[in-house]
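Residue numbers (full-length UniProt numbering), protein chains in the order written: chain A, 1 to 227; chain B, 1 to 341.
Note that CB positions come from ideal geometry on N, CA and C, so glycine has one too.
Report on one structure; see the data block that follows.
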């Protein structure tokens with residue numbers, strides 16, 4: 001009895017069907033963007049690392065260009081990045097409405113962020129291990145696939161966990177341009193129509209998503225780390 | 001097996017050019033254990049890396065197992081490197097792989113089939129004495145065990161040459177000895193040519209057949225280990241030989257004794273090879289009317305026989321002392337009067 005009263009006091013007029021739909025949209029945006037971010041981030045991060053001084057693909061020009069790209073897109077505030085990318089998104093996705101329309105901006109915003117973390121993770125690898133692999137006659141491809149990636153995997157996973165959480169908060173901002181999701185719901189139904197319960201509920205769900213992501217990330221990192 | 005001629009490596013640093021390796025000529029025979037000794041900064045690390053082209057030479061030629069390493073294409077160089085094993089001071093194992101997977105790593109690189117890999121890994125685990133540890137991760141092993149994994153990994157592709165980069169410098173004395181024994185063992189069993197660099201004369205004494213002494217990028221002295229111990233010519237070499245034959249406590253003990261009254265003449269005798277087993281002191285006492293007391297002695301074993309030094313004090317008539325010294329010399333034992341009464 002008391003529970004019901006409390007619940008209705010806190011969650012009042014929450015439309016659970018809408019809330020569920022928004023949650024699914026947030027999860028969809030976050031997870032799809034995460035997969036692409038992981039992929040592009042690792043490629044960018046590897047390129048950053050490998051073109052650096054004394055690395056196997058040392059190339060000043062390439063390193064500078066990739067570094068500049070990463071720095072620029074990491075520095076633009078996400079809300080502005082979405083607006084800047086509107087024409088690009090229109091040509092790519094065909095619309096500016098719905099969760100898919102948020103994906104290009106999410107990926108372009110998050111991949112450079114993750115790329116820096118990948119680069120840091122790779123730098124942490126003991127140089128001696130790379131030297132030993134060279135001494136064994138490993139090719140560059142083998143060094144990347146058998147040494148660099150496996151040896152940095154725990155750091156790559158904890159990096160993608162941090163990125164995933166950042167992505168969840170980016171999706172909330174993407175709501176502003178009509179992408180849907182919990183951020184959109186909290187802003188329009190919660191803030192603009194003065195329903196604080198909706199804002200509150202959306203916040204709680206976002207927090208739960210973040211906690212679950214962190215938990216999974218920590219678990220995987222610990223399992224991978226044999227140091 | 002290995003021939004270096006006029007090999008040089010110059011590094012360009014902020015402070016100008018540094019000649020890490022300065023025009024070295026060196027030949028290492030098949031099946032021998034060759035040691036390079038020098039202090040840090042002598043260029044020995046660079047020298048050993050020139051053998052498998054981890055460092056490209058600035059000038060000169062490198063020939064290993066019949067291949068001119070410096071002329072090979074990248075692909076051929078990778079194939080040549082698979083024939084040269086290398087072990088490191090800090091082991092350089094992949095921590096994300098188990099012992100068995102670490103040993104299989106060079107086999108994977110070469111493209112050996114999974115079943116063959118498994119078979120070879122088992123052989124190697126047995127060879128280096130790590131039975132039952134195949135599923136452990138490097139972090140669960142002691143330093144000595146890690147180096148055993150390193151050795152097994154280096155031997156995986158049946159190399160003709162094994163390079164050891166300060167392989168025992170991070171290990172305690174007991175573990176060092178067990179790793180050195182393992183190296184001698186595989187040298188004999190597999191006829192492997194071993195090149196090692198170290199700053200510890202103990203390592204050279206224990207396992208090397210020949211040694212080269214390096215100082216500022218140059219080889220200042222080289223030869224059979226026993227000869228180097230018997231007659232070190234350069235100051236640098238003498239210092240290294242002292243590491244083994246005259247530990248610091250000997251020097252201190254002698255210094256203390258020499259200050260005392262009535263110590264008489266102090267002689268340092270150096271025995272090499274079979275001489276160490278001869279009853280020289282007994283002979284002297286029987287032949288001459290002198291008193292002898294033994295101050296300090298030590299015998300060290302090398303791969304080519306033993307090497308010993310003995311400090312004795314003599315008292316007796318001046319004339320007799322000279323005769324004793326001449327007698328010792330006539331017995332092919334090196335003698336040096338380090339203190340006269």
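One finds nothing in chain A with a Cβ atom closer than 8 Å to the Cβ of residue 190 (chain B); even the nearest lies about 18 Å away. If you draw a straight line from the Cα of residue 322 (chain B) to the Cα of residue 263 (chain B), it comes to about 17 Å. Between residue 30 (chain A) and residue 168 (chain A), the C-beta gap is smaller than 8 Å, which places the two residues in contact. Within chain A, the residues placing a beta-carbon under 9 Å from that of residue 82 (chain B) are 136, 137, ordered along the chain. Its Cα nearest to that of residue 107 (chain B), the residue B:85 stands out among B:338, B:85, B:96. In terms of Cα proximity to residue 225 (chain A), the closest of B:94, B:268, B:21 is B:94. Taking C-alpha positions only, residue 50 (chain B) is separated from residue 56 (chain B) by approximately 6 Å. Chain B has a Cβ within less than 8 Å of the Cβ of residue 132 (chain A). Rounded to whole angstroms, the Cβ separation of residue 175 (chain B) and residue 144 (chain B) is 4 Å, and the two are in contact under 8 Å.
A direct Cα-to-Cα measurement between residue 141 (chain A) and residue 155 (chain A) gives close to 20 Å.
Around the beta carbon of residue 134 (chain A), 16 or more other beta carbons sit within 10 angstroms, so the residue counts as buried.
Nearest to residue 21 (chain B) by alpha-carbon distance, out of B:31, B:7, B:30, B:32, is B:7. Distance between residue 290 (chain B) and residue 309 (chain B), taken at the CA atoms: about 21 Å. Of all alpha-carbon atoms in B:265, B:302, B:296, the one lying nearest the alpha-carbon of residue 339 (chain B) is that of B:265.
Any Cβ of chain A closer than 8 Å to the Cβ of residue 204 (chain B) would place that residue at the interface, and such an atom is absent.
The Cβ atoms of residue 100 (chain B) and residue 134 (chain B) lie closer than 8 Å to each other. Within the same chain, 33, 36, 37 come within 6 Å of residue 107 (chain A) by CB-CB distance, once the 5 residues on both sides are set aside. Under the three-state reduction of DSSP output, residue 6 (chain B) falls in the strand class.
In its chain, beyond the 5 residues on either side, 201, 228, 229, 232 have a beta carbon closer than 8 Å to the beta carbon of residue 241 (chain B). For residue 88 (chain B), the neighbours in chain A by C-beta distance under 9 Å run, in chain order, 128, 131, 132, 135.
Here DSSP, grouped into helix, strand and coil, assigns residue 158 (chain A) to helix. Within chain B, the residues 108, 109 have their CB atoms less than 9 Å from the CB of residue 142 (chain A), given in chain order. Here DSSP, grouped into helix, strand and coil, assigns residue 93 (chain B) to coil. Close partners of residue 54 (chain B) in chain A (Cβ separation under 7 Å): 131, 134, 135.
The three-state secondary structure of residue 334 (chain B), taken from DSSP, is strand. Across the region 145-156 of chain A, CB contacts with chain B closer than 8 Å involve 146, 147, 150, 151, 153, in sequence order along the chain.
Contact check between the region 44-51 of chain A and the region 110-123 of chain A: three or more CB pairs, one atom from each, fall below 8 Å, which counts as touching.
Here DSSP, grouped into helix, strand and coil, assigns residue 13 (chain B) to strand. Residues of chain A whose Cβ lies closer than 7 Å to the Cβ of residue 137 (chain B) are, in chain order, 226. DSSP, reduced to helix, strand and coil, places residue 210 (chain B) within a strand of the structure shown. Between residue 102 (chain A) and the set A:205, A:223, A:183, the nearest pair of CA atoms involves A:183. Collapsing the DSSP output to three states places residue 301 (chain B) in a strand. The three-state secondary structure of residue 313 (chain B), taken from DSSP, is strand. Residue 87 (chain B) is a Cβ neighbour of residue 150 (chain B), given a cutoff of 8 Å. The beta-carbon distance between residue 303 (chain B) and residue 199 (chain B), rounded to whole angstroms, is 19 Å. This is too long to meet the 8 Å contact definition. Taking a 10 Å sphere around the C-beta of residue 195 (chain A), we find 16 or more other C-beta atoms and assign the residue as buried.
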